[in-house]
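One structure is given below, encoded as structure tokens.
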Amino acid sequence: MHNEKNQQLKLAFNFIHYTNRNLFLTGKAGTGKTTFLKNLKKISPKRMVVVAPTGVAAINAGGVTIHSFFQLPFGPQIPQHAINQGSSDNRPGTGYSERINRFAKNKINLIRSLDLLVIDEI
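Positions 1 to 122 (full-length UniProt numbering) are the ones given, in order, by the sequence shown.
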């Protein structure tokens, strides 16, 4: 059983290392997903960032929250066309495009330079 798990994780590592394809790695608690992720970060030459939906998951994975990395505000977002047609009131979501336009240039360059985006705990 342990050898089979190691073979599967080796296959997953090779898939990540030698391709630019998406991979969904799943398993029950305690099957080694987080350990695999930490080893991947140590071994892989790919430029990567690890994000997670919650602070606890981000800490456990050695990453940051999705919201903080992408500088997303908390709460619901109104689609762009609704913002453009709306008035200049203080509705939630108003000004979203302005926040996106203020995306730091170094953050944009970082995102563009990534080889791998790992989303943990989805």
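All residues carry an ideal CB built from backbone N, CA and C; glycine is no exception.
From a predicted model like this one, the values you see are computed outputs, not experimental measurements.
- In this structure, R21 lies away from F13, with their beta-carbon atoms at least 8 Å apart.
- For A52, the enclosing beta strand (DSSP E) covers residues M48 to A52.
- Closest by C-alpha distance to I108, out of S44, F70 and G63, is F70.
- Its Cα nearest to that of E121, the residue I59 stands out among S113, Q77, I59 and F74.
- Relative to G32, the option among S44, Q7 and T54 whose CA is nearest is Q7.
- No Cβ-Cβ contact shorter than 8 Å links P53 with I43.
- In its chain, beyond the 5 residues on either side, S113, L114, D115 and L116 have a beta carbon closer than 8 Å to the beta carbon of R47.
- Between I78 and L72, the alpha-carbon positions lie close to 13 Å from each other.
- In the displayed model, T31 falls within coil according to three-state DSSP, outside both helix and strand.
- In the structure shown, the three-state DSSP call for I59 is helix.
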